[in-house]
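> Residue numbers (the working numbering): -11 to 218. C-beta atoms are modelled at their ideal positions from N, C-alpha and C, and glycine is treated no differently.
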């Protein structure tokens, strides 16, 4: 397709467009972008070479916009062409997801790569769970060692309710819990803040207290007025 798919125009098409293609006298044309997609074009008006006029024109316009030409640089592009194959900068949600999967699988090489790339390992998901929470829950002792000894993550961070220490105890990983507890003591001096549930008093009770206060104030004012008259 690359060398002879466009009849006598194959050489020029390979140089100008740089993509494998095959045209037919019906006006149909198939273009392949390697490792990305295939495009089918149908426009019956033909040029003197027997190729679709609009099909060839479309391919030239596409190459002017996108980085698809065989001779275009893929790594160090010096033009303003768009390369849809190149991944953009991952957002925070993608980084957290990738980090959590690597932690669950115990893939310490991927976690180390992300850490060396400057990614904050204290990041948490929508539940407030950090990679340390997940490593403690899964019993990933090597991962916990890396998070605490190398990455120096904060073991005091809570998700919705618990710390990584609480998760390790809940799943029976006592050695991991002891290690996390020792780091928690170093940071907090042995004091770990607890979540205290504060219950609001009954609204009816507040109303009664407020009413009694008003009655006391009114009785005091009336007694003062009577004393002044006397």
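On the DSSP letters alone, give me the boundaries of the alpha helix (DSSP H) that residue 158 sits inside.
The count along the chain shown starts at 1 and reaches residue 158 at position 170. Start and end: 152 to 158.
> Nearest-angstrom Cα distance between residue 51 and residue 79?
Taking the first residue of the chain shown as position 1, residue 51 is located at position 63. Taking the first residue of the chain shown as position 1, residue 79 is located at position 91. C-alpha separation (whole angstroms): 29 Å.
> Three or more beta-carbon pairs under 8 Å between the segment 27 to 46 and the segment -5 to 5, yes or no?
Verdict: yes, contact present.
> Are residue 219 and residue 40 closer than 9 Å when you measure CB to CB?
Nothing about residue 219 can be reported from this structure: the residues present for the chain run from -11 to 218 only.
> Measuring only the C-alpha atoms, how far is residue 160 from residue 104?
The residue given as residue 160 occupies position 172 in the chain shown. The residue given as residue 104 occupies position 116 in the chain shown. If you take the alpha carbons of residue 160 and residue 104, they lie about 31 Å apart.
> Answer yes or no: do residue 131 and residue 91 have a C-beta to C-beta separation smaller than 9 Å?
Here residue 131 corresponds to residue number 143 of the chain shown, with the count starting at 1. Here residue 91 corresponds to residue number 103 of the chain shown, with the count starting at 1. Contact: yes.
> Could you compute how far the alpha carbon of residue 73 sits from the alpha carbon of residue 20?
Position 85 of the chain shown, counted from the start, is the residue given in the question as residue 73. Position 32 of the chain shown, counted from the start, is the residue given in the question as residue 20. One C-alpha to the other measures close to 14 Å.
> Identify whether residue 34 lies in helix, strand or coil by the three-state DSSP scheme.
To locate residue 34, count along the chain shown from 1; it is residue 46. The answer is strand: DSSP assigns residue 34 an E or B state.
> Quick check on DSSP: helix, strand or coil for residue 28?
The residue labelled residue 28 in the question sits at position 40 within the chain shown. Reduced to three states, the DSSP call for residue 28 is strand.
> I'd like to confirm the pairing. Which residues does DSSP put opposite residue 17 in its beta bridges?
Taking the chain shown and counting its residues from 1, the one referred to as residue 17 is at position 29. Answer is 11, 29.
> Go ahead and label residue 118 buried or exposed: buried means 16 or more other beta carbons lie within 10 angstroms of its beta carbon, across all protein chains shown.
As a working note, residue 118 is residue 130 in the chain shown. Buried, since its Cβ has 16 or more Cβ neighbours within 10 Å.
> Which residues in the same chain have their Cβ closer than 6 Å to the Cβ of residue 37, if we skip the five residues on either side of it in sequence?
Numbered from its first residue, the chain shown carries residue 37 at position 49. Closer than 6 Å at Cβ, skipping near neighbours: -5, -4, -3.
> When you compare each of 114, 146, 110, 145 to residue 138 by their alpha carbons, which one comes out closest?
Here residue 138 is taken as the residue at index 150 of the chain shown, counted from 1. The option with the nearest alpha carbon to residue 138 is 110.
> Please go through the same chain and pick out, in chain order, the residues whose beta-carbon is closer than 8 Å to the beta-carbon of residue 107, but skip the five residues on each side of it.
Position 119 of the chain shown, counted from the start, is the residue given in the question as residue 107. The answer, listed in chain order, is 83, 87.
> Who are the near neighbours of residue -7 in its chain, counting only those whose CB is closer than 6 Å to its CB and skipping five residues on each side?
For this step, residue -7 is matched to residue 5 along the chain shown. Hits under 6 Å: 9, 10.
> Tell me whether residue 54 sits in a helix, a strand or coil according to DSSP, three-state version.
Taking the first residue of the chain shown as position 1, residue 54 is located at position 66. Three-state DSSP puts residue 54 in a strand.
> Buried or exposed for residue 166, please, with buried defined as at least 16 other CB atoms from any protein chain shown within 10 angstroms of its CB.
Numbered from its first residue, the chain shown carries residue 166 at position 178. With fewer than 16 Cβ atoms within 10 Å of its Cβ, residue 166 is classed as exposed.
> Which class does residue 70 belong to by DSSP, given the choice of helix, strand or coil?
Taking the first residue of the chain shown as 1, we reach residue 70 at position 82. Of the three classes helix, strand and coil, the one that applies to residue 70 here is strand, per DSSP.
> Return the first residue and the last residue of the alpha helix (DSSP H) that residue 171 is part of.
In the chain shown, the residue the question calls residue 171 occupies position 183. Looking at the DSSP string, the run of the alpha helix (DSSP H) that includes residue 171 is 162 to 176.
> Following the continuous alpha helix (DSSP H) through residue 96, name the residue where it begins and the one where it ends.
The residue given as residue 96 occupies position 108 in the chain shown. It spans 96 to 104 - the alpha helix (DSSP H) in which residue 96 sits, taken as one unbroken run.
> So the alpha helix (DSSP H) residue 132 belongs to, where does it begin and stop?
Numbered from its first residue, the chain shown carries residue 132 at position 144. Element bounds for residue 132: 129 to 133.
> In the DSSP output, what is residue 125 paired with across the bridge?
For this step, residue 125 is matched to residue 137 along the chain shown. DSSP lists no partner for residue 125.
> Report the CB separation of residue 127 from residue 164 in whole angstroms; it is logged as a contact under 8 Å.
Against the chain shown, residue 127 aligns to sequence position 139. Against the chain shown, residue 164 aligns to sequence position 176. At roughly 7 Å, the Cβ-Cβ gap stays under 8 Å, so residue 127 and residue 164 are in contact.
> Is residue 130 close to chain D, meaning its C-beta is less than 9 Å from at least one C-beta of that chain?
Although the question refers to chain D, the structure presented lacks it and comprises just one protein chain.
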